[in-house]
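Student:
In my numbering, the protein residues as written are 90 to 203.
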């Protein structure tokens, strides 16, 4: 590793794929709270909850059909984990109900950048 990259912390990412929305009201309530969190971090310039990619796929190479995909960047892997576990994000998740899969079928994963 060269000296320039030696001190550079790897970014953390949430990667989400929405396959099916079963309850639009609950899903929209979740999104409202999620976007409030994103806006707060944008205004405070924390560098977290930075949308890198959001939208509908423009084509499919392999796998299930997706309604929506998102990649969200964080300052570090630990920030990505901490933000997921934060009180404010857990409150947003609560909008999906006791069994989130009754509201939305999705994959949400946390990754560390290269």
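A virtual CB, placed ideally from N, CA and C, is assigned to each residue, including glycine.
1. Which complete beta strand (DSSP E) runs does the segment 121-156 hold, if anything under 3 residues is left out?
2. Give the range of the beta strand (DSSP E) segment to which residue 183 is assigned.
3. Pick out whichever of 152, 113 and 100 has its Cα sitting closest to the Cα of residue 190.
4. For residue 206, write down the residues that DSSP places opposite it in a beta bridge.
5. Given a threshold of 16 other Cβ atoms within 10 Å of its Cβ, counted over all protein chains shown, does residue 99 qualify as buried or as exposed?
6. With C-beta atoms as the reference, is residue 159 less than 8 Å away from residue 146?
Tutor: Let me lay it out:
1. 139-144
2. That residue, residue 183, is in no beta strand (DSSP E); its alpha helix (DSSP H) goes 176-183.
3. 113
4. Residue numbering for the chain in the displayed model covers 90 to 203; residue 206 lies beyond these limits and cannot be assessed.
5. exposed
6. no
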